[in-house]
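Novice: Protein chains in written order, with our numbering: chain A, 1 to 257; chain B, 1001 to 1257.
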């Protein structure tokens, strides 16, 4: 069943869909009154809804059957990504959303080749939000990950105070003989913890950035023994965290079943 | 240090580099006699080598210091991928190589939208081999993953007899209440096992293909609770397998240190 994210709580039985989804419902899916869709509210609640009215600017529906499904990751992982080249951030957001990230923070770092000015930043954020929304619908997420405003490292450090676990993927950890393995670290992460994982751009972190992150309580972590590209590192980390909390000790029976 | 894959064993101290790498050494890196490079042989051995002679068609070098590093995954995972649309197979090979896959088998499946004829197949394989080689150099792999000839499902089933563990990522496993979790399955995989993981194209497997795979001893496996795209599934699986065998119980001390 087609899934749409609505902007108000599902507690009210009446559902209003506005914006681009109206076009999708009318023109792409060609739904009519009486057809069923799934709606997700900002809290992650989902319900089967029956379309009751269609106008040019709004689709009205009624919630008829709450869904107990929960496909959200049991730990809340936010990726702080050093701005990479080209369209790599698009790939990170699309794949990261499928893999269960709960937020993304674009970070201007010393070795980021690209620079976002205010105008570019607004345009980019709108595009990234659209990618996150579409990926959430496609992979049946309950929530759309949050795309933060672009930050510099100082702002990231301030923001990081709201998180329980702060990590940074340090490529040098893949080369040294004694390092923090991701396994060691995840053993000490609890369900519902807010995890912030910082990933460098293509050239990695500068020495100054590494020191600043360490001083602010970020732990360096190795993501396997091979050197990963900037856009592969968050994908590896999210897959590993999903595996650790959703599959490893999972006896193959769904909790929401 | 720049890394090149050579075609002969490193037991002989004399190293010959031919083909496109000669151009890379002379024109891109502008190496001269006396410069050092790392060479990997087909067995996965690596050595620091000193360039001793450069001609238009060949670079000669001498192995001076064997490297004991090993960045290969301790289980040997081959991805059998239903042909996806567009350039998604390029992404799967590039990311899968970084993530430690030891081989890739392109499989023509019922719901594959693209068709490879003989001419297209040869061209595609050459391109995929190039992507695997470059990704191996970039992420410091010891070996280049093998790119198999394209197969149909019958040929895949025959080929699968050489593998210890045969799996297929079954999207329906993410929706049912009792399923095979990847964690359960990896608990029974041993080091050095040859694992074959089959992934469907965008539309998934046909019912006939699911039955054929099951009858041939392939186990269905769930890759987390979210629905993954065709190109995200192999990336998730490889990251999870790397995490399980390379990071989870890893005490943070390198074995080759």
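C-beta: ideal position from N, C-alpha, C; glycine also.
Among the residues of its own chain, which have a CB less than 8 Å from the CB of residue 1 of chain A, if the five just before and after it don't count?
Specialist: These residues qualify, in order along the chain: 36, 37, 38, 48.
Novice: For residue 182 of chain A, go through chain B and note every residue whose CB falls closer than 7 Å to its CB, in chain order.
Specialist: Those within 7 Å of residue 182 of chain A in chain B are 1243, 1247.
Novice: Taking all protein chains shown into account, do 16 or more other C-beta atoms lie within 10 angstroms of the C-beta of residue 1027 of chain B, making it buried, or fewer, making it exposed?
Specialist: By the 10 Å Cβ count, residue 1027 of chain B comes out exposed.
Novice: Please list the partners that residue 225 of chain A has in chain B, where partner means a Cβ-to-Cβ separation under 7 Å.
Specialist: Neighbours of residue 225 of chain A on chain B, chain order: 1071, 1246.
Novice: Using DSSP with H/G/I as helix, E/B as strand and the rest coil, what is residue 1056 of chain B?
Specialist: Coil at residue 1056 of chain B, not helix or strand.
Novice: What span of residues does the beta strand (DSSP E) with residue 81 of chain A cover, start to end?
Specialist: Residues 76-82.
Novice: Thinking C-beta only, is residue 1109 of chain B closer than 8 Å to residue 1091 of chain B?
Specialist: Result no, Cβ atoms of residue 1091 of chain B and residue 1109 of chain B do not sit closer than 8 Å.
Novice: Suppose only complete runs of 3+ residues qualify. What are the beta strand (DSSP E) ranges in the region 76-153 of chain A, listed by chain order?
Specialist: Qualifying beta strand (DSSP E) stretches, in chain order: 76-82, 103-107.
Novice: Are the beta-carbon atoms belonging to residue 25 of chain A and residue 64 of chain A less than 8 Å from one another?
Specialist: No.
Novice: Would you say residue 240 of chain A faces chain B, with C-beta separation under 8 Å as the test?
Specialist: Cβ-Cβ to chain B under 8 Å: yes for residue 240 of chain A.
Novice: Suppose the cutoff is 7 Å on Cβ atoms and the five residues either side in sequence are ignored; what does the same chain contact list for residue 204 of chain A look like?
Specialist: Closer than 7 Å at Cβ, skipping near neighbours: 111, 171.
Novice: Let me know the secondary structure DSSP gives residue 1051 of chain B once reduced to three states.
Specialist: DSSP places residue 1051 of chain B in strand when its eight states are reduced to three.
Novice: What three-state label does DSSP hand residue 1040 of chain B in the structure shown?
Specialist: Residue state, collapsed to three classes: strand.
Novice: Please report how far the alpha carbon of residue 1067 of chain B lies from the alpha carbon of residue 1045 of chain B, in whole angstroms.
Specialist: One C-alpha to the other measures close to 8 Å.
Novice: Would you call the CB atoms of residue 102 of chain A and residue 146 of chain A closer than 8 Å?
Specialist: Closer than 8 Å, so yes.
Novice: Does residue 1194 of chain B come out as helix, strand or coil in the three-state DSSP assignment?
Specialist: Residue 1194 of chain B falls in the strand class under three-state DSSP.
Novice: Any C-beta of chain B within less than 9 Å: which residues of the region 116-148 of chain A qualify?
Specialist: For the region 116-148 of chain A, which is checked against every Cβ of chain B, the residues closer than 9 Å are 135, 138, 139, 140, 141.
Novice: Should residue 137 of chain A be labelled buried (16 or more other beta-carbon atoms within 10 Å of its own) or exposed?
Specialist: Classification for residue 137 of chain A: buried.
Novice: Chain A beta carbons: is any one of them nearer than 8 Å to that of residue 1236 of chain B?
Specialist: True, the Cβ-Cβ gap to chain A drops below 8 Å.
Novice: Please compile the residues from chain E whose C-beta is within a distance smaller than 7 Å of the C-beta of residue 229 of chain A.
Specialist: Annotation note: the requested chain E is absent from the structure, which comprises protein chains A and B.
Novice: How far does the alpha helix (DSSP H) with residue 258 of chain A in it reach, from first residue to last?
Specialist: Given that chain A is displayed from residue 1 to residue 257, the structure contains no residue 258 of chain A and the question cannot be resolved.
Novice: For residue 166 of chain A and residue 13 of chain A, I'd like the C-alpha separation in whole angstroms.
Specialist: When rounded, the distance between both Cα atoms is 40 Å.
Novice: Please work out which residues of its chain come closer than 7 Å, Cβ to Cβ, to residue 1132 of chain B, disregarding the five sequence neighbours upstream and downstream, and give them in chain order.
Specialist: Only 1093, 1097, 1144, 1145, 1147 meet the Cβ criterion.
Novice: Check the DSSP bridge columns for residue 1219 of chain B and list the partner residues they point to.
Specialist: Partner(s): B:1167.
Novice: So residue 10 of chain A and residue 57 of chain A are in contact, right, with Cβ under 8 Å, and what is the actual spacing, rounded?
Specialist: With a Cβ gap of about 21 Å, residue 10 of chain A and residue 57 of chain A do not count as contacting.
Novice: Please classify residue 1045 of chain B: does DSSP put it in a helix, a strand, or coil?
Specialist: Reduced to three states, the DSSP call for residue 1045 of chain B is coil.
Novice: By alpha-carbon positions, which one of B:1245, B:1015, B:1228 ends up nearest to residue 1192 of chain B?
Specialist: Nearest C-alpha to residue 1192 of chain B: B:1245.
Novice: Relative to the alpha-carbon of residue 1210 of chain B, which residue among B:1015, B:1069, B:1031, B:1154 has its alpha-carbon at the smallest distance?
Specialist: It is B:1154 whose Cα lies nearest to the Cα of residue 1210 of chain B.
Novice: So, with DSSP's three-state summary, where would you put residue 228 of chain A?
Specialist: It is coil, neither helix nor strand.
Novice: Which residues in chain A have a C-beta closer than 8 Å to the C-beta of residue 1250 of chain B? List them in chain order.
Specialist: Those within 8 Å of residue 1250 of chain B in chain A are 181, 183, 184.
Novice: In whole angstroms, give me the CA-to-CA distance for residue 6 of chain A and residue 1183 of chain B.
Specialist: So the two alpha carbons sit approximately 35 Å from each other.
Novice: Kindly say whether residue 1078 of chain B, judged by its beta-carbon, lies nearer than 8 Å to any beta-carbon of chain A.
Specialist: It does not: the Cβ of residue 1078 of chain B has no partner Cβ on chain A nearer than 8 Å.
Novice: Pull up the DSSP beta-bridge partners for residue 1015 of chain B, would you.
Specialist: Bridge partners of residue 1015 of chain B: B:1061.
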